[in-house]
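K.L.:
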Amino acid sequence: MITSIATISVFVHDQQRAKQFYTEQLGMELRADAEMVPGAPMRWITVAPPGCPTEITLFPMGEQWQHYQQAMGKPQAFTLHCDDIDATYRELSDKGVQFLGEPQRQAWGSFAILVDSEGNQIVLGQQA
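Each residue of the sequence shown is one higher than the last, beginning at 41 in the working numbering.
Below, the structure written as C-alpha coordinates:
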(Lines of atoms letter the chains of each structure in order from A and count residues from 1; the text may use other names and numbers.)
(Lines give C-alpha, C1' and ligand atoms only; values in the text may rest on other atoms or scores of the structure.)
Protein backbone atom coordinates (compact mmCIF):
# COMPACT_ATOMS: atom_id res chain seq x y z
CA MET A 1 0.00 0.00 0.00
CA ILE A 2 1.29 3.48 -0.86
CA THR A 3 1.54 5.59 2.29
CA SER A 4 3.11 8.90 1.24
CA ILE A 5 4.85 10.94 -1.42
CA ALA A 6 8.61 10.98 -0.85
CA THR A 7 9.80 13.58 -3.35
CA ILE A 8 8.69 15.79 -6.18
CA SER A 9 11.19 17.25 -8.63
CA VAL A 10 11.67 20.82 -9.74
CA PHE A 11 14.05 21.12 -12.68
CA VAL A 12 16.62 23.88 -12.28
CA HIS A 13 19.50 25.32 -14.28
CA ASP A 14 21.63 26.22 -11.24
CA GLN A 15 21.30 23.89 -8.25
CA GLN A 16 23.24 26.12 -5.84
CA ARG A 17 21.21 29.21 -6.74
CA ALA A 18 17.99 27.20 -6.36
CA LYS A 19 19.14 25.75 -3.02
CA GLN A 20 19.82 29.25 -1.72
CA PHE A 21 16.42 30.49 -2.91
CA TYR A 22 14.42 27.63 -1.41
CA THR A 23 16.28 27.67 1.93
CA GLU A 24 17.01 31.36 2.46
CA GLN A 25 14.06 33.04 0.77
CA LEU A 26 11.32 30.44 1.19
CA GLY A 27 12.61 29.23 4.57
CA MET A 28 12.76 25.53 3.74
CA GLU A 29 15.10 23.07 5.43
CA LEU A 30 17.98 21.57 3.49
CA ARG A 31 17.43 17.82 3.78
CA ALA A 32 20.15 16.49 1.46
CA ASP A 33 23.07 17.83 -0.56
CA ALA A 34 25.32 15.06 -1.85
CA GLU A 35 27.00 13.94 -5.05
CA MET A 36 24.70 11.89 -7.29
CA VAL A 37 27.68 9.58 -7.87
CA PRO A 38 31.29 10.13 -6.78
CA GLY A 39 32.90 12.87 -8.84
CA ALA A 40 29.71 13.88 -10.66
CA PRO A 41 28.95 17.59 -11.02
CA MET A 42 25.25 16.89 -10.41
CA ARG A 43 24.11 16.81 -6.79
CA TRP A 44 21.14 15.25 -5.01
CA ILE A 45 19.65 18.29 -3.29
CA THR A 46 16.35 18.13 -1.42
CA VAL A 47 14.52 20.78 0.58
CA ALA A 48 11.22 20.84 2.45
CA PRO A 49 9.15 23.01 4.75
CA PRO A 50 10.05 22.28 8.38
CA GLY A 51 8.30 19.12 9.54
CA CYS A 52 6.96 18.23 6.08
CA PRO A 53 7.58 14.60 5.05
CA THR A 54 7.51 15.33 1.30
CA GLU A 55 10.73 16.78 -0.11
CA ILE A 56 11.38 18.84 -3.22
CA THR A 57 14.33 17.62 -5.28
CA LEU A 58 16.15 20.48 -7.02
CA PHE A 59 17.04 18.45 -10.06
CA PRO A 60 19.53 19.74 -12.63
CA MET A 61 18.29 19.98 -16.18
CA GLY A 62 20.36 17.61 -18.31
CA GLU A 63 20.22 16.11 -21.76
CA GLN A 64 18.28 13.09 -20.51
CA TRP A 65 15.56 15.43 -19.22
CA GLN A 66 15.17 17.68 -22.26
CA HIS A 67 11.52 16.68 -22.59
CA TYR A 68 10.97 18.69 -19.37
CA GLN A 69 12.82 21.76 -20.71
CA GLN A 70 9.58 23.24 -22.04
CA ALA A 71 8.09 23.18 -18.52
CA MET A 72 10.87 25.24 -16.94
CA GLY A 73 9.88 28.83 -16.28
CA LYS A 74 6.19 27.96 -16.44
CA PRO A 75 3.59 26.92 -13.84
CA GLN A 76 4.67 23.82 -11.92
CA ALA A 77 2.31 20.99 -10.98
CA PHE A 78 2.32 21.40 -7.20
CA THR A 79 1.13 23.87 -4.56
CA LEU A 80 2.83 25.10 -1.41
CA HIS A 81 0.34 25.59 1.44
CA CYS A 82 0.53 28.24 4.13
CA ASP A 83 -1.68 29.13 7.09
CA ASP A 84 -1.91 32.92 6.41
CA ILE A 85 -1.52 33.89 2.78
CA ASP A 86 -1.41 37.63 3.39
CA ALA A 87 1.31 37.40 6.05
CA THR A 88 3.29 34.84 4.02
CA TYR A 89 2.98 36.97 0.88
CA ARG A 90 4.34 40.03 2.76
CA GLU A 91 7.13 38.04 4.44
CA LEU A 92 8.32 36.45 1.20
CA SER A 93 7.99 39.72 -0.73
CA ASP A 94 10.18 41.40 1.90
CA LYS A 95 12.78 38.65 1.27
CA GLY A 96 12.79 39.48 -2.44
CA VAL A 97 10.53 36.70 -3.68
CA GLN A 98 8.80 37.75 -6.90
CA PHE A 99 5.05 37.22 -7.21
CA LEU A 100 2.95 37.50 -10.36
CA GLY A 101 0.30 39.42 -8.41
CA GLU A 102 -1.25 39.86 -5.00
CA PRO A 103 -3.15 37.03 -3.30
CA GLN A 104 -6.48 36.20 -4.95
CA ARG A 105 -9.57 34.92 -3.12
CA GLN A 106 -11.63 32.01 -4.43
CA ALA A 107 -14.43 29.90 -2.92
CA TRP A 108 -11.93 27.10 -2.13
CA GLY A 109 -9.33 29.44 -0.57
CA SER A 110 -6.68 31.96 -1.56
CA PHE A 111 -3.59 31.79 -3.74
CA ALA A 112 -0.71 33.76 -5.18
CA ILE A 113 1.86 32.70 -7.79
CA LEU A 114 5.51 33.00 -6.80
CA VAL A 115 8.49 32.74 -9.14
CA ASP A 116 11.55 30.79 -7.99
CA SER A 117 15.19 31.54 -8.82
CA GLU A 118 14.90 29.52 -12.03
CA GLY A 119 11.74 31.20 -13.32
CA ASN A 120 9.41 28.35 -12.28
CA GLN A 121 5.95 29.52 -11.23
CA ILE A 122 4.63 27.90 -8.05
CA VAL A 123 1.22 28.29 -6.43
CA LEU A 124 1.22 29.44 -2.80
CA GLY A 125 -2.18 28.58 -1.38
CA GLN A 126 -4.31 28.77 1.74
CA GLN A 127 -7.39 26.61 2.04
CA ALA A 128 -10.69 28.28 3.01
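For every residue, glycine included, the Cβ atom is placed at its ideal position computed from N, Cα and C.
#1: Roughly how far, in whole angstroms, is the beta-carbon of Glu75 from the beta-carbon of Thr86, given that I think they are within contact range, below 8 Å?
#2: In angstroms, rounded to a whole number, what distance separates the CA positions of Ala111 and Ala88?
#3: Could you pull out every residue in the same chain whose Cβ sits closer than 6 Å to the Cβ of Gln62, ignoring the five residues on either side in sequence?
#4: So, at 6 Å on beta carbons, what are the nonlocal neighbours of His121 in its own chain, with the 5 sequence-adjacent residues on each side left out?
#5: Go to Glu95, then tell me how far its beta strand (DSSP E) extends in each direction, as first and last residue.
#6: Could you check how far apart the C-beta atoms of Gly159 and Gly113 are, in whole angstroms? I think they sit under 8 Å.
#7: Just to check, is the beta-carbon of Phe99 closer than 8 Å to a non-hydrogen atom of the ligand NAD?
#8: State the Cα-Cα distance for the pair Tyr129 and Phe151, rounded to the nearest angstrom.
P.N.:
In brief:
#1: Incorrect: roughly 14 Å between the Cβ atoms, too far for contact.
#2: 21 Å
#3: Here residue 62 turns out to be Tyr, not Gln, going by the sequence shown. Around Tyr62: Met68 and Val87.
#4: Gly165
#5: Glu95 to Pro100
#6: 4 Å
#7: The model depicted lacks the ligand NAD and carries no ligand whatsoever.
#8: 10 Å
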